[in-house]
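For what it's worth, this note's numbering labels the leading residue of the sequence shown as 3, then goes sequentially.
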Amino acid sequence: MFTARTFEDKISALYRGGKIVGGVYVGRGQEAFSYGLGGQLDRSLGDVYSPLIRDQAGRGAFGESLLDAARTYLGSVEGPMRGRDGNIHRGRPAEGMPAMISHLGASISVINGMLMAKRFRGLSGFVGGASAGDGATSTGAFHEALNQAAVEKLPLVLAVADNQFAYSTPTSHQYACADLADRAAGYGVTGYSIDGTDLMECLLTFRQAIARARAGGGPQLVVGKLLRLSGHGEHDDASYVPEEARAGKWGGDCLALARERVLAEGYADETALLALEEEVQELVETTVATVQGEEAPDPARENWRTLSTARLAEGHF
């Protein structure tokens, strides 16, 4: 969680300094919920994971290197997308992480397809994790994908970060049910509603959901209540978020809350945490410096085939 926050703070600073082409989208305030899923999937069992724009914590926990993240933001030819796509549009399908799709809800169907392909090949014991936000639940793609997963009884764990705003649209203008988890019954899947700022609750709930999916229990819908502690992107000042929301039940910073709990329950002392934070800061600075010294793609030498490039070809099913 701290690595994700530190890295994204660094990328945000580079963006403000004009060093990043395109947008920057961060998961500030959503790290606990993201880590809860990404950190408990197991690639050695064939698990696959489709993160969204605020899932740096989950990406790193699932196994994505910080170099991959930095190289994509900074346009390095050494990155997983060879500098041809930016920010969060990256992945390594051969390692169980497809590249993110911007269209809300569309990535869920990709995970469904990967799960069905594994099933057709006679494999078992795998789980697919996918992320969405409250805004994505209003799309047809979300409905179609979750309905398909339910009908096929796929081992899907779908994490919905209910962060109170779809860009600037409040949830009061998105859905009328009391809780998005209530929709689970309509699809015939298991639903959970949790405090997305509480790391322990996130870990325990996702552990249970993953275990149920792996054991044949079908799709699991986990809704995390929290507040996005930044704008939609770093270009957005989030001035539309009222102060009462920031001061409300879901407005806490999950990273600060986790740190307090670690100290209070004796998992580590202040000295150990400060040393860890210093180590992470050095890792981030070193990683970014390394990538800044790498080459950008040369259009004259790149393979620009429309449908497939050998290095980027999918191969994990």
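Even glycine gets a Cβ: it sits at the ideal position worked out from N, Cα and C. Just so it is clear, the structure is predicted and the values come from calculations on it, not from any experiment.
How would you write the range of the alpha helix (DSSP H) that residue i sits in, first residue to last?
i    : result
S46  : Premise fails: S46 is in no alpha helix (DSSP H) and is neither H nor E.
L69  : 68-76
S14  : 4-18
A260 : 256-266
L205 : 201-216
V286 : 272-294
Q150 : 142-153
L39  : 33-40
Can you give the Cα-Cα distance for residue i and residue j, rounded to whole angstroms?
i    : j    : result
Y177 : M202 : 28 Å
A143 : A213 : 26 Å
H81  : H175 : Note that residue 81 corresponds to Gly in the displayed sequence, not to His. Each residue's alpha carbon lies about 39 Å from the other.
G127 : D239 : 44 Å
D164 : S14  : 23 Å
What is the residue span of the beta strand (DSSP E) that residue i lies within?
i    : result
S195 : 192-197
K320 : Nothing can be reported for residue 320, as the shown portion of the chain is limited to 3 through 319.
L158 : 158-164
Comparing C-alpha positions only, which one of the options sits nearest to residue i?
i    : options                : result
Q294 : R45, T5, A6, K21       : K21
G93  : G65, H105, L76         : G65
R56  : S67, V23, H91          : H91
R121 : A180, P301, R216       : R216
A132 : P301, D197, G107, E280 : G107
One question on the structure: do residue i and residue j come within less than 8 Å of each other, judged by their Cβ atoms?
i    : j    : result
D49  : G137 : no
T199 : L228 : yes
S36  : A59  : yes
A152 : G235 : no
L117 : P157 : yes
With a threshold of 16 other CB atoms inside 10 Å of the CB of residue i, please say whether the residue is buried or exposed.
i    : result
L278 : exposed
T139 : buried
E33  : buried
T74  : buried
E272 : exposed
A101 : buried
F319 : For F319, the pLDDT reaches just 46, beneath the cut-off of 50, and the residue's location in the model is therefore unreliable, although a value from the coordinates is still provided. Buried.
T8   : buried
G254 : buried
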